[in-house]
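Residue numbers (the numbering used here): 36 to 147.
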């Protein structure tokens, strides 16, 4: 069982590098076109993925909070996202208004 471990590690590294390369925007790929990197990763099973991980992509600094390389904001959990919380609050207020309006309309019909 242990003799398969090196093969599985190489396979996992190759798959990770391949998917990482495919998901990387063209502007962030360094030195070679993206297609060439994919070919290198797939043809050279150990060297290709390692070279891609170290030299093929512009890496941002770890913990460099705020905005990413292209001005994107970092992902925020829904319960910490003020816009999401506001939308929930607005949705609840609209529902409450509608329920109150329906309730008031129901009383008026009962009195007739």
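No residue lacks a Cβ here, since even glycine has one placed at the ideal position from N, Cα and C. Note that the coordinates shown come from a computational prediction; the quantities given were computed from them, not determined experimentally.
{"Asked": "For residue 71 and residue 92, believed in contact at Cβ under 8 Å, the rounded distance", "Found": "At roughly 13 Å, the Cβ-Cβ gap does not stay under 8 Å, so residue 92 and residue 71 are not in contact."}
{"Asked": "Counterpart residues of residue 92 in DSSP-defined beta bridges", "Found": "64"}
{"Asked": "Span separating the alpha-carbon of residue 58 from that of residue 121", "Found": "32 Å"}
{"Asked": "Residue interval of the alpha helix (DSSP H) (run including residue 72)", "Found": "69-78"}
{"Asked": "Cα-Cα separation between residue 86 and residue 114, rounded to whole angstroms", "Found": "39 Å"}
{"Asked": "C-alpha distance - residue 134 paired with residue 123, whole-angstrom precision", "Found": "16 Å"}
{"Asked": "Residue 59 - DSSP class collapsed to helix/strand/coil", "Found": "coil"}
{"Asked": "Simplified DSSP assignment, three categories, for residue 116", "Found": "coil"}
{"Asked": "Buried or exposed by the 16-neighbour rule on C-beta atoms within 10 Å, applied to residue 52", "Found": "buried"}
{"Asked": "Assigned exposure category for residue 84 - 16 Cβ within 10 Å defines buried", "Found": "buried"}
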